[in-house]
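Participant: So that you can map any letter, position 57 of the sequence shown is 57 in my numbering, and since no number is skipped, the others follow by simple counting. All residues carry an ideal CB built from backbone N, CA and C; glycine is no exception. Everything numeric in this text was worked out from a predicted model, so none of it was measured.
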Amino acid sequence: MKLQDFHIEIADWSNPDQQTALLDLRETVFIHEQGVPEQRERDGLDVDCWHLLARDEHGQPIGCGRLTPQHKIGRMAVLRDWRGRGVGQALLREMISRARSQGWPEVKLDAQVSAQGFYEREGFAAFGETFEDAGLPHQAMRLALPAADDVPAALPDIGTLAAGTRGETAATRLQLLADARHRLDIHLPLLGSDAYASPDELAELRRIAISGRGAQIRILLHDPAAALRGDHRLIALAQRLPSAIQIRTPVDEVDLAYLASYLLNDAGGYLFLPEAARPQGRAARHDRASQAPLQQHFDEVWERAERASELQALNI
Numbered sequence: 001m002k003l004q005d006f007h008i009e010i011a012d013w014s015n016p017d018q019q020t021a022l023l024d025l026r027e028t029v030f031i032h033e034q035g036v037p038e039q040r041e042r043d044g045l046d047v048d049c050w051h052l053l054a055r056d057e058h059g060q061p062i063g064c065g066r067l068t069p070q071h072k073i074g075r076m077a078v079l080r081d082w083r084g085r086g087v088g089q090a091l092l093r094e095m096i097s098r099a100r101s102q103g104w105p106e107v108k109l110d111a112q113v114s115a116q117g118f119y120e121r122e123g124f125a126a127f128g129e130t131f132e133d134a135g136l137p138h139q140a141m142r143l144a145l146p147a148a149d150d151v152p153a154a155l156p157d158i159g160t161l162a163a164g165t166r167g168e169t170a171a172t173r174l175q176l177l178a179d180a181r182h183r184l185d186i187h188l189p190l191l192g193s194d195a196y197a198s199p200d201e202l203a204e205l206r207r208i209a210i211s212g213r214g215a216q217i218r219i220l221l222h223d224p225a226a227a228l229r230g231d232h233r234l235i236a237l238a239q240r241l242p243s244a245i246q247i248r249t250p251v252d253e254v255d256l257a258y259l260a261s262y263l264l265n266d267a268g269g270y271l272f273l274p275e276a277a278r279p280q281g282r283a284a285r286h287d288r289a290s291q292a293p294l295q296q297h298f299d300e301v302w303e304r305a306e307r308a309s310e311l312q313a314l315n316i
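1. W50 and H71 look like a contact to me (Cβ under 8 Å); what is the Cβ gap, rounded to whole Å?
2. Determine the closest residue to Q116 out of L92, M141, F131, with distance taken between C-alpha atoms.
3. On the CB-based measure, 16 or more other CB atoms within 10 Å of its CB, does I210 come out buried or exposed?
4. Identify every run of the alpha helix (DSSP H) within the segment 242–270, keeping only runs that are complete inside it and at least 4 residues long; order them along the chain.
5. For Q291, report the span of its alpha helix (DSSP H) as first-last.
6. Is it true that the segment 72–86 meets the segment 98–114, where meeting means three or more beta-carbon pairs spaced less than 8 Å apart?
7. Compare the Cα-Cα distances from D12 to each of G281, P69, L259 and report the closest residue.
8. Mapping the DSSP letters down to three states, classify D5 as helix, strand or coil.
9. Excluding five sequence neighbours on each side, which residues of the same chain lie with their C-beta closer than 7 Å to the C-beta of V113?
10. The alpha helix (DSSP H) that contains R100, what's its start and end?
11. For G44, count neighbouring Cβ atoms within 10 angstroms of its own Cβ and tell me buried if that reaches 16, exposed if not.
12. How about L273 and L176: are their beta carbons less than 8 Å apart?
13. Among A90, A197, R278, E94, which has the Cα closest to the Cα of D231?
14. Verify whether the separation of the beta carbon atoms of D266 and R183 is less than 8 Å.
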């Protein structure tokens, strides 16, 4: 079992399959493993929360977490065999990104004392006295979140970037395209008219496609018909360079339910947006460790996906 063999998805509590997956995970970790009373674990807040679900390479649930309307992270659960493999960190960082995108000044959590060091490494600070909850010692912690205007627009060499505006995200996307040498992988639940459509972006995409040495741009697009109807310029470029730009459509229900978008280049850079329609997310120019789970997810979905039938008439 390797670090990159998982991916994160947004879970809809009203979806019966995702709700069952979340509750089963929490029952395994909290109720059976830690002895938390069921009535304490099922607190009635879930319907109003924002949930994340981690799945392994076979689509099986392995971890989860939630954000409450009270600006608290909670119900962080990872199956025993997956602890220490980056799942909890990935879940936590996505929830922090979501909280920042909502304009929250800070996010809080009640950490089990045994996990306090994990949260401190992610920037959380303890406050108040330790207390007992469901028979386990806990420590209240919080993390201050910079306002969108305080988030740096420049993309750092290493680490993460929380893009706060469409302009910042567009600049980040262009930088990653410019850093690419011969390969790109792009996951797009939807293709907005302002993404991959500027003259500078199209020039970089064309440069990559004609760079030789096995140049390849792979695109997973949920709705190619919509992109065709909108005369998107990326589709037009793919028409002109069909040997280098390949487009497939996911068909598996699990893959179609994954609503994040991301861009991966061959320099170890990535841009990840938890919700494709919103510009907030995280990115890095050279961070292969953080890129790896996304690359694993892309490769797996690519193998299951089908050639976009809507584009076959155009010989794409």
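Facilitator: To lay it out plainly:
1. Taking the first residue of the sequence shown as 1, we reach residue 50 at position 50. Taking the first residue of the sequence shown as 1, we reach residue 71 at position 71. Rounded, the Cβ-Cβ distance is 11 Å, inconsistent with contact.
2. The residue you call residue 116 lines up with position 116 of the sequence shown. Comparing Cα positions, the closest option is M141.
3. Sequence index remark: in the sequence shown, residue 210 carries index 210 (1-based). Exposed: under 16 other Cβ atoms inside 10 Å.
4. 253–256
5. To locate residue 291, count along the sequence shown from 1; it is residue 291. It spans 288–304 - the alpha helix (DSSP H) in which Q291 sits, taken as one unbroken run.
6. yes
7. Here residue 12 corresponds to residue number 12 of the sequence shown, with the count starting at 1. Checked all of G281, P69, L259; the closest Cα to D12 is L259.
8. Here residue 5 refers to the residue found at position 5 of the sequence shown. In the structure shown, D5 sits in coil (DSSP, three-state: anything other than H, G, I, E or B).
9. On the sequence shown, position 113 is the one that residue 113 refers to. Once the five neighbours on either side are set aside, the close Cβ partners of V113 are T130, P137, H138, Q139.
10. As a first step, residue 100 must be located in the sequence shown, where it is residue number 100. Element bounds for R100: 87–101.
11. By one-based count along the sequence shown, residue 44 stands at place 44. Classification of G44: exposed, given that the 10 Å Cβ count is below 16.
12. Residue mapping note: residue 273 aligns to position 273 of the sequence shown, counting from 1. Residue mapping note: residue 176 aligns to position 176 of the sequence shown, counting from 1. No, these two residues do not count as a Cβ contact at 8 Å.
13. As a working note, residue 231 is residue 231 in the sequence shown. Closest by alpha carbon: A197.
14. Sequence index remark: in the sequence shown, residue 266 carries index 266 (1-based). Sequence index remark: in the sequence shown, residue 183 carries index 183 (1-based). Contact flag set, yes.
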